[in-house]
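A.B. asks: My structure is below; once you've seen it, I'll send some questions.
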Amino acid sequence: MNRSPLSLIFIIIAGEAIFMLPFLIPRLYRPLMLEAWHLTNTDIGAAFSAYGFAAMLSYILGGPTADKYQPRLLMTTSLVATALGGLILLLFPSRFTFISVYFFFGISTIFLMWGALIKVTHITGGEENRSLAMGALDSGRGLAAAVMSSALVFIISLFYGQEQLASNTVNGLNIIYYTVIVFTLFISLGVWYTLKNHQDIEQEIKQKWDISKALQIVKSYKIWLLSTIILSSYCGYKGIDNYSIYLVDVHQHSLASSSLFTSIIFWLRPITALLAGVIADRVHTKIRAGRFIILFALLLMGALFQLLLALNIFTNFNYIFGIILCSATFAYALRSIYFSIFGDLKINDNLIGTTVGIVSFVGFLPDMFFGIITGHMIDSNPGPVGYTHTFLFTASFLLIGAIASFLLYRKQKF
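Numbering follows the numbering used here, with no gaps: position 267 of the sequence shown is 342.
Written out as structure tokens, the structure is:
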């Protein structure tokens, strides 16, 4: 399908802008949020769980919705609603509002956006370039997140130094949220206007939806193995949320420096995602099971590096940060590949939205439990011990994912 470069750019950026308010800000400025709004790590985890609960319902309902309606309308509405949710959170900060708005985020970011975004990307990639298409999507999303994180660090530095930020947490957080809200609204306008004349997208999205075939997908054991792989991979990705507070609590970094290090981690994503997509497609052309082999290797290596963090045997910060960078690299690479194997599993294009909804329902369950469990581990075991528990928790899921990828490889006919 033909796309104008501008419409592709806005589709990709929209895929990340939608998650900046609920996820990028806590990932980058969690210590600041804890101080400014008098929250605990458990509160943050409870909000993520509320998000996850709403998102689970949204994945199931949003998948068929993406197979029936125009992505332009779905994606624009999603962006505007999410921006309004961020404004409510900013104007009425409290523990109750925080958790309630995150429940709303679970609907606004997933129900209308996710299935449409993945389906458009999948169709664009075609048979031989699906990993590249998914890699380009996640690379572009990663680039948007990295640019925004660096921009936020820069904007805050214009107003406050390290010491000033620590004593002006509320004002600093207000600046951060208003910046992201305005950006999200701008991208919503871009999506609305650049997709306006692209009827080819709308026609492909509106292919006939067959409920009997959708039920066959639900019964497929391969889909459930893929769901397990996504769940495990997503736990590794969610673990990145804890790195900034880990640097503050265990290695005594300031709020500003931990945010800077986290921003550096974000810059890995665009490079890693694109390279992983290219490599997976190249290996796939040589070896039909190539994508499955790469999934297995990445999950296994991810588990190993989480274990290295859990052991806490390194005192040199350069080694520690290197391990963190490697862990993030594996997490980002996995995101480029696990949605690209629908073609290998013989899923029809007019059921991609439904399939995305099913595997996302299971695969993104960590939105419900990962944050609150790891937050409780950190709050209940101050210092290195709590983080050791979180790293072991993450490693166990990555290992389960490696086993699932091996089983899926064995079940697949090449």
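The C-beta atom is built at its ideal place from N, Cα and C for all residues, glycine as well.
Keep in mind the model is a prediction, meaning the values are calculated, not measured.
Check this for me: beta carbons of Gly120 and Val431, under 8 Å apart or not?
C.D. replies: no
A.B. asks: Exposed or buried, Gly215, counting other C-beta atoms within 10 Å across all chains shown (16 or more means buried)?
C.D. replies: If you draw a 10 Å sphere on the C-beta of Gly215, you find 16 or more other C-beta atoms in it, and that means buried.
A.B. asks: Who are the near neighbours of Ser471 in its chain, counting only those whose CB is closer than 6 Å to its CB and skipping five residues on each side?
C.D. replies: Result list for Ser471: empty, nothing under 6 Å.
A.B. asks: Compare the C-alpha of His359 against each of Ile478, Ile399, Ile412, Tyr318 and name the closest.
C.D. replies: Ile412
A.B. asks: Can you tell me whether Leu373 is buried or exposed, with buried defined as 16 or more other CB within 10 angstroms of its CB?
C.D. replies: buried
A.B. asks: Got a sec? Which residues, its chain only, sit under 6 Å from Cys401 by beta carbon, not counting five neighbours each side?
C.D. replies: Around Cys401: Phe380.
A.B. asks: Taking the alpha-carbon positions, what's the Pro345 to Leu218 distance?
C.D. replies: 5 Å
A.B. asks: DSSP on Ile416, reduced to helix/strand/coil?
C.D. replies: coil
A.B. asks: Within the continuous alpha helix (DSSP H) that includes Ala348, where are the two ends?
C.D. replies: Boundaries of the alpha helix (DSSP H) around Ala348: 330-361.
A.B. asks: Is DSSP giving Tyr484 helix, strand or coil here?
C.D. replies: helix
A.B. asks: Could you tell me if Asn272 is buried or exposed, where buried requires 16 or more neighbouring beta carbons within 10 angstroms of its beta carbon?
C.D. replies: The predicted position of Asn272 is uncertain, since its pLDDT is 48 and thus under 50; no value can be drawn from it.
A.B. asks: Alpha carbon to alpha carbon, what distance is there between Val325 and Asp142?
C.D. replies: 47 Å
A.B. asks: On a Cα-Cα basis, can you pick out the residue from Ala129, Ile395, Gly461, Ser338 that is closest to Ile100?
C.D. replies: Nearest of Ala129, Ile395, Gly461, Ser338 to Ile100, Cα basis: Ser338.
A.B. asks: Which of the three DSSP states is assigned to Phe167 in this structure?
C.D. replies: coil
A.B. asks: How many whole angstroms separate the CB atoms of Leu248 and Met108, which I take to be in contact at a CB cut-off of 8 Å?
C.D. replies: 7 Å between Cβ atoms; contact.
A.B. asks: Going by C-alpha to C-alpha distance, which of Gly127, Leu148, Val195 sits closest to Tyr177?
C.D. replies: For Tyr177, the nearest C-alpha among the options comes from Gly127.
A.B. asks: Tell me which residue opens and which closes the alpha helix (DSSP H) that Phe186 is part of.
C.D. replies: Here Phe186 belongs to no alpha helix (DSSP H), and DSSP marks it neither H nor E.
A.B. asks: In chain order, what residues of the same chain have a beta carbon less than 6 Å from the beta carbon of Ile514, not counting five sequence neighbours either side?
C.D. replies: An answer regarding residue 514 cannot be provided, because it is not within the stretch 76 to 489 covered by the chain.
A.B. asks: Among residues of its own chain, excluding the 5 on either side of Ala403, which ones have a beta-carbon nearer than 7 Å to its beta-carbon?
C.D. replies: Ile315, Ile340, Leu343
A.B. asks: Please state whether DSSP places Thr115 in a helix, a strand or coil.
C.D. replies: coil
A.B. asks: Report the three-state DSSP secondary structure of Ala364 (helix, strand or coil).
C.D. replies: coil
A.B. asks: For a cutoff of 8 Å on Cβ pairs, would you count Ser263 as touching chain C?
C.D. replies: In the structure shown, chain C does not exist; there is a single protein chain.
A.B. asks: Residue range of the alpha helix (DSSP H) that Gly90 falls in?
C.D. replies: Gly90 -> alpha helix (DSSP H) spans 80-94.
A.B. asks: Give me the residue from Thr469, Leu290, Cys310, Phe180 with the minimum Cα distance to Leu384.
C.D. replies: Out of Thr469, Leu290, Cys310, Phe180, Thr469 has the C-alpha closest to the C-alpha of Leu384.
A.B. asks: Nearest to Leu154 by CA position, among Ile185, Arg102, Asp442, is which residue?
C.D. replies: Ile185
A.B. asks: Write down the C-beta distance between Ile447 and Pro106 rounded to the nearest angstrom, noting that I regard them as a contact closer than 8 Å.
C.D. replies: So it is not a contact: roughly 18 Å between Cβ atoms.
A.B. asks: Between the C-alpha atoms of Gly365 and Thr269, what's the straight-line distance to the nearest angstrom?
C.D. replies: 36 Å
A.B. asks: Please state whether DSSP places Tyr144 in a helix, a strand or coil.
C.D. replies: Of the three classes helix, strand and coil, the one that applies to Tyr144 here is coil, per DSSP.
A.B. asks: At what residues does the alpha helix (DSSP H) containing Thr303 begin and finish?
C.D. replies: 296-313
A.B. asks: So, at 7 Å on beta carbons, what are the nonlocal neighbours of Gly90 in its own chain, with the 5 sequence-adjacent residues on each side left out?
C.D. replies: Leu192, Leu212, Arg216
A.B. asks: For Phe309, collect the residues of the same chain with a Cβ closer than 7 Å to its Cβ; drop the 5 residues on either side in sequence, then sort them by chain order.
C.D. replies: For clarity, residue 309 is Tyr in the given sequence; the question names Phe instead. Result list for Tyr309: Gly438, Phe439, Pro441, in chain order.
A.B. asks: Which same chain residues end up closer than 8 Å to Val266 when comparing Cβ atoms and leaving out the 5 residues on each side of it in sequence?
C.D. replies: Phe85, Ile86, Ala89, Arg147, Met150, Thr151, Leu154
A.B. asks: Rounding to the nearest angstrom, what Cα-Cα distance links Val255 and Ile388 in this structure?
C.D. replies: Distance between the alpha carbons of Val255 and Ile388: 38 Å.
A.B. asks: Answer with buried or exposed for Asn391, where buried requires no fewer than 16 other C-beta atoms within 10 angstroms of its C-beta.
C.D. replies: exposed
A.B. asks: Please list, in chain order, all residues of the same chain as Phe417 whose beta carbon is under 7 Å from its beta carbon, the five residues on each side excluded.
C.D. replies: His197, Ile427, Thr430
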